[in-house]
Amino acid sequence: MQDLVTIIGGGLAGTEAAWQLAQRGFAVVLYEMRPVQTTDAHQTDRLAELVCSNSLKSDQHPSASWLLKQELRRLDSLLMRAAETARVPGGQALTVDRVVFAEEVSRAIEAHPRIEIRREQITQVDPAKPTVIATGPLTSGSLAANLTQLTGTDRLFFYDSISPIVDAHSIDRSIAFAASRYDKSLDGTGDYLNCPFDKKQYEQFIDELMAAQAVEAHVPDDVPYFESCLPIEEIARRGRDTLRFGPMKPMGLTDPRTGRRPYAAVQLRKENLRADSYNLVGFQNHLKFGEQKRIMRLIPGLEKAEFLRYGQIHRNTYINAPALLTEGLQLRAHPNVFFAGQISGVEGYVESIATGLLAGVNLAAHLSDEPVRHLPRETALGSLCHYISHADTKKYQPANIAFDLFPALANPLKDRKERQTETCRRALEKLDEYMGVRRAVHV
Ligand SMILES: Cc1cc2nc3c(=O)[nH]c(=O)nc-3n(C[C@H](O)[C@H](O)[C@H](O)COP(=O)(O)OP(=O)(O)OC[C@H]3O[C@@H](n4cnc5c(N)ncnc54)[C@H](O)[C@@H]3O)c2cc1C
């Protein structure tokens with residue numbers, strides 16, 4: 003008789019993992035705590051509920067998000083099929099009717115002869131038993147407490163605050179200059195790019211920031227922000243010059259164009275594994291994405307910035323994946339335990355589905371005494387898993403899929419679109435090789 007697999011969490015990742023395991027012949031018990039106990043964001047008792055937007059992001063070739071979805075389709079993802087059935091017109095995005103989507107997934111899981119659903123909150127994980135932990139960013143408190151013991155860490159609860167990231171190619175280098183404060187560069191070349199403001203530009207930036215619309219809070223009103231990572235709009239509200247003495251301070255910088263210290267400056271820091279992208283240091287914010295783009299483009303040097311990620315603040319529960327997980331999403335200290343979804347250190351609906359799929363496939367291989375195969379690094383899912391298992395453990399931040407997570411092309415192309423097209427072509431070819439499929443790749 004096959005092992006009985008436990009899956010905790012009937013969200014996006016948990017349902018996809020359950021399906022993949024059951025399709026491979028394993029009996030699965032899927033624990034979902036709703037409706038017995040609910041979360042701050044879920045509103046129904048359906049499996050795979052989309053808690054906020056109904057968009058699964060761009061479905062336009064050649065975007066990184068399209069590629070990830072394309073890979074999932076080839077890997078026979080249940081949730082991608084449900085998304086197709088639930089699809090509604092949404093321009094270039096894969097937009098779904100959230101009710102139809104959740105109904106489709108629930109129906110398939112409920113009808114599967116090898117899946118049993120139990121509506122129960124799990125508070126303890128038995129690491130000896132084959133388990134996928136997929137309890138999401140709003141993991142219940144008692145289980146989160148148990149996971150801190152299992153993972154040997156106290157870093158599990160976060161009010162997440164992330165700064166925007168821009169594509170390096172879209173920064174105007176005739177304005178933004180490389181330098182570290184007081185020339186204290188680690189390698190002598192200037193570790194930061196600095197976007198210098200004069201007084202007029204700063205005043206206009208503050209006016210627009212104060213007038214900008216924030217997104218509706220995903221977190222309860224009474225939750226205080228950490229003082230060390232206040233959103234910039236909140237700092238600006240405390241006084242017109244407060245940003246100039248905080249994240250926009252110009253101390254120790256000299257603008258080579260004027261030979262003087264700028265009135266204010268935004269520093270851009272190269273991302274660790276994201277060779278082609280820069281983080282706006284200390285610029286976490288809570289602005290609507292459209293507003294955010296408009297206002298951040300007022301920063302000198304970022305007038306044409308392409309945003310790979312927008313600043314956001316919301317509650318998030320995730321493990322310090324690079325310290326704990328293998329590239330196959332397996333807990334290094336307890337090989338029977340796999341993590342999937344947002345708690346595994348990824349960000350986003352499709353990324354959660356993708357890691358659910360991989361955890362299911364890999365746990366099935368592990369239980370069949372087959373080696374857990376890593377996905378090719380050139381694929382979107384392979385790059386995402388490489389990031390979560392290799393990023394800097396000290397300041398780990400979950401990631402959406404983005405082209406800067408992929409390995410560079412052997413022959414780098416100058417044109418951005420051509421580069422992205424080639425990255426997609428290469429990924430799908432490698433995925434086919436991995437799957438043992440022989441076909442001409444048409445992207
Ligand atoms: C408020 C909010 C809004 C978001 N909006 C978006 C968005 O618009 N677009 C986007 O791409 N991403 C968004 N995300 C991020 C992320 O993509 C979603 O949270 C996504 O649902 C994560 O999938 P998951 O499977 O990891 O978790 P979930 O889909 O949340 O599934 C986890 C499941 O586990 C259950 N559970 C929790 N603890 C236990 C327990 N102890 N025992 C049993 N069951 C348990 C929960 O009830 C839930 O059903 C948002 C996140 C939050 C918190």
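The numbering used here puts the first residue of the sequence shown at 3, with every later residue one more than the last.
Note that CB positions come from ideal geometry on N, CA and C, so glycine has one too.
Over the uninterrupted alpha helix (DSSP H) stretch that includes residue i, give me the two end residues.
{"i": "residue 239", "result": "234-239"}
{"i": "residue 385", "result": "382-392"}
{"i": "residue 169", "result": "Taken as a continuous stretch (DSSP letters only), residue 169 belongs to no alpha helix (DSSP H), being part of the beta strand (DSSP E) at 167-169."}
{"i": "residue 436", "result": "418-437"}
{"i": "residue 146", "result": "143-153"}
{"i": "residue 73", "result": "66-76"}
{"i": "residue 129", "result": "From DSSP, residue 129 is part of no alpha helix (DSSP H); its letter is neither H nor E."}
{"i": "residue 249", "result": "Segment: none, residue 249 is in no alpha helix (DSSP H) and carries neither H nor E."}
Considering residue i, what are the terminal residues of the beta strand (DSSP E) in which it resides?
{"i": "residue 97", "result": "95-98"}
{"i": "residue 340", "result": "336-341"}
{"i": "residue 48", "result": "Unbroken run through residue 48: none, as it is neither H nor E."}
{"i": "residue 59", "result": "57-60"}
{"i": "residue 280", "result": "279-282"}
{"i": "residue 135", "result": "133-135"}
{"i": "residue 196", "result": "194-199"}
Just mark residue i as buried or exposed, buried being the case when its beta carbon has 16 or more other beta carbons within 10 Å.
{"i": "residue 212", "result": "exposed"}
{"i": "residue 45", "result": "exposed"}
{"i": "residue 357", "result": "buried"}
{"i": "residue 210", "result": "exposed"}
{"i": "residue 281", "result": "buried"}
{"i": "residue 144", "result": "exposed"}
{"i": "residue 60", "result": "buried"}
{"i": "residue 194", "result": "buried"}
{"i": "residue 6", "result": "exposed"}
{"i": "residue 307", "result": "buried"}
{"i": "residue 314", "result": "buried"}
{"i": "residue 439", "result": "exposed"}
{"i": "residue 339", "result": "buried"}
{"i": "residue 296", "result": "exposed"}
{"i": "residue 125", "result": "exposed"}
{"i": "residue 399", "result": "buried"}
{"i": "residue 302", "result": "buried"}
{"i": "residue 108", "result": "buried"}
{"i": "residue 222", "result": "For residue 222, the predicted model reports a pLDDT of 46, less than 50, meaning its position is unreliable; a value from the coordinates is still stated below. Counting Cβ neighbours within 10 Å, residue 222 comes out exposed, since fewer than 16 surround it."}
{"i": "residue 437", "result": "exposed"}
{"i": "residue 246", "result": "buried"}
{"i": "residue 85", "result": "buried"}
{"i": "residue 260", "result": "exposed"}
{"i": "residue 396", "result": "exposed"}
{"i": "residue 62", "result": "exposed"}
{"i": "residue 276", "result": "Unreliable positioning characterises residue 276 in this predicted model, as indicated by a pLDDT of 46, which lies under 50. The coordinate reading is nonetheless provided below. Label assigned to residue 276: buried."}
Are the CB atoms of residue j and residue i within a distance shorter than 8 angstroms?
{"i": "residue 80", "j": "residue 34", "result": "no"}
{"i": "residue 136", "j": "residue 345", "result": "yes"}
{"i": "residue 417", "j": "residue 310", "result": "no"}
{"i": "residue 267", "j": "residue 252", "result": "yes"}
{"i": "residue 30", "j": "residue 122", "result": "no"}
{"i": "residue 376", "j": "residue 330", "result": "yes"}
{"i": "residue 401", "j": "residue 390", "result": "yes"}
{"i": "residue 300", "j": "residue 206", "result": "yes"}
{"i": "residue 435", "j": "residue 408", "result": "no"}
{"i": "residue 278", "j": "residue 394", "result": "no"}
Where does residue i fall in DSSP's three states?
{"i": "residue 294", "result": "helix"}
{"i": "residue 269", "result": "strand"}
{"i": "residue 364", "result": "helix"}
{"i": "residue 116", "result": "coil"}
{"i": "residue 10", "result": "strand"}
{"i": "residue 314", "result": "strand"}
{"i": "residue 90", "result": "strand"}
{"i": "residue 377", "result": "coil"}
{"i": "residue 15", "result": "helix"}
{"i": "residue 164", "result": "strand"}
{"i": "residue 25", "result": "helix"}
{"i": "residue 257", "result": "strand"}
Assuming residue i and residue j make a contact with CB atoms under 8 angstroms, what is their CB distance in whole Å?
{"i": "residue 66", "j": "residue 343", "result": "Not really, about 19 angstroms apart at Cβ, beyond 8 angstroms."}
{"i": "residue 103", "j": "residue 52", "result": "7 angstroms"}
{"i": "residue 255", "j": "residue 263", "result": "6 angstroms"}
{"i": "residue 97", "j": "residue 57", "result": "5 angstroms"}
{"i": "residue 129", "j": "residue 298", "result": "That belief does not hold up - the Cβ atoms of residue 129 and residue 298 are roughly 44 angstroms apart, past 8 angstroms."}
{"i": "residue 50", "j": "residue 13", "result": "6 angstroms"}
{"i": "residue 234", "j": "residue 285", "result": "6 angstroms"}
{"i": "residue 214", "j": "residue 106", "result": "In fact, because the Cβ distance is near 38 angstroms, the residues do not count as touching under 8 angstroms."}
{"i": "residue 10", "j": "residue 155", "result": "Residue 10 to residue 155, Cβ: 18 angstroms. No contact."}
{"i": "residue 362", "j": "residue 68", "result": "Actually they do not touch by this definition, with Cβ atoms about 23 angstroms apart."}
{"i": "residue 360", "j": "residue 383", "result": "6 angstroms"}
{"i": "residue 197", "j": "residue 178", "result": "5 angstroms"}
{"i": "residue 64", "j": "residue 426", "result": "5 angstroms"}
Of all the CB atoms in chain B, is at least one closer than 8 angstroms to the CB of residue i?
{"i": "residue 201", "result": "Absence of chain B from the displayed structure is noted, only one protein chain being present."}
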